[in-house]
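*Asks:* Note that full-length UniProt numbering has the sequence shown beginning at 1, numbered continuously upward.
Glycine included, every Cβ here is placed at the ideal spot set by N, Cα and C.
From a predicted model like this one, the values you see are computed outputs, not experimental measurements.
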Amino acid sequence: MTSWNIRKATLTDADELQKCMHSAYLKYSDRININNLPPMNVDYKDEIAFFPVWVVEFNNQLIAGLVLVLEEDYASLANIAIDPGFQAKGLGKFLLNFAEQEIRNRGYSEMKLATHVLFTENVLFYQKRGWVIVDQDETKVYMKKYLK
1 MTSWNIRKAT LTDADELQKC MHSAYLKYSD RININNLPPM NVDYKDEIAF FPVWVVEFNN
61 QLIAGLVLVL EEDYASLANI AIDPGFQAKG LGKFLLNFAE QEIRNRGYSE MKLATHVLFT
121 ENVLFYQKRG WVIVDQDETK VYMKKYLK
């Protein structure tokens with residue numbers, strides 16, 4: 001599938017982005033209480049207003065979101081979430097590559113992220129793409145990647 005469209009999010013995307021995030025995280029509900037995850041409790045209007053946020057559309061439907069946070073010395077990949085009907089189609093790789101290029105374009109050479117320790121498939125996904133684990137606690141795995 002290559003006919004999706006990525007664009008900067010606007011405030012009018014907030015409700016659909018929230019629905020997309022909720023749908024994407026539902027698959028983890030057998031492992032943890034997803035309502036305790038930060039992506040489930042943020043105000044997406046605030047996210048869009050204060051951070052670089054992109055959405056992906058397919059046939060005028062919002063199917064994915066990407067949120068970055070820019071710090072002084074590095075950028076954080078705050079969230080990549082894809083509607084379950086569009087997972088395992090290369091969109092995650094596309095969004096991660098897009099995020100890394102966006103960060104390079106902004107002059108950063110380091111990215112960080114945190115994912116839940118029970119989301120082992122996410123950890124493997126990132127490791128296969130050059131991310132390394134730098135720390136871990138009882139709930140989170142912290143990862144980093146240096147960009148060339």
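#1: Kindly indicate which three-state DSSP category F51 falls into: helix, strand or coil?
#2: Give the DSSP-derived three-state secondary structure of G65 in the structure shown.
#3: Kindly indicate which residue of M21, V132 and G90 has the alpha-carbon position closest to the one of residue 149.
#4: A24 and I82: beta carbons closer than 7 angstroms?
#5: Between E110 and Y146, how many whole angstroms is the CB-CB distance? I'm expecting something under 8 angstroms.
#6: If we define contact as Cβ-Cβ less than 7 angstroms, is L68 a contact residue for chain C?
#7: Just reading off the beta strand (DSSP E) that Y28 is part of, what are its end residues?
#8: Going straight from the alpha carbon of Y108 to that of T115, what length do you get?
*Replies:* Quick look at the numbers:
#1: On the sequence shown, residue 51 is found 51 positions in, with the first residue counted as 1. Three-state DSSP puts F51 in coil, outside helix and strand.
#2: If you number the sequence shown from 1, residue 65 lands on position 65. The answer is strand: DSSP assigns G65 an E or B state.
#3: This structure gives no information on residue 149, because the portion of the chain shown stretches from 1 to 148.
#4: Taking the sequence shown and counting its residues from 1, one reaches residue 24 at position 24. Taking the sequence shown and counting its residues from 1, one reaches residue 82 at position 82. Yes, these two residues count as a Cβ contact at 7 angstroms.
#5: What you label residue 110 is simply residue 110 of the sequence shown in a count that begins at 1. What you label residue 146 is simply residue 146 of the sequence shown in a count that begins at 1. With 8 angstroms as the limit, E110 and Y146 qualify as a contact, their Cβ atoms being about 6 angstroms apart.
#6: Within the model displayed, chain C is absent; a lone protein chain is all it includes.
#7: Translated into the one-based positions of the sequence shown, residue 28 becomes position 28. That residue, Y28, is in no beta strand (DSSP E); it is neither H nor E in DSSP.
#8: Position 108 of the sequence shown, counted from the first residue, corresponds to residue 108. Position 115 of the sequence shown, counted from the first residue, corresponds to residue 115. Y108 and T115: Cα-Cα distance of roughly 21 angstroms.
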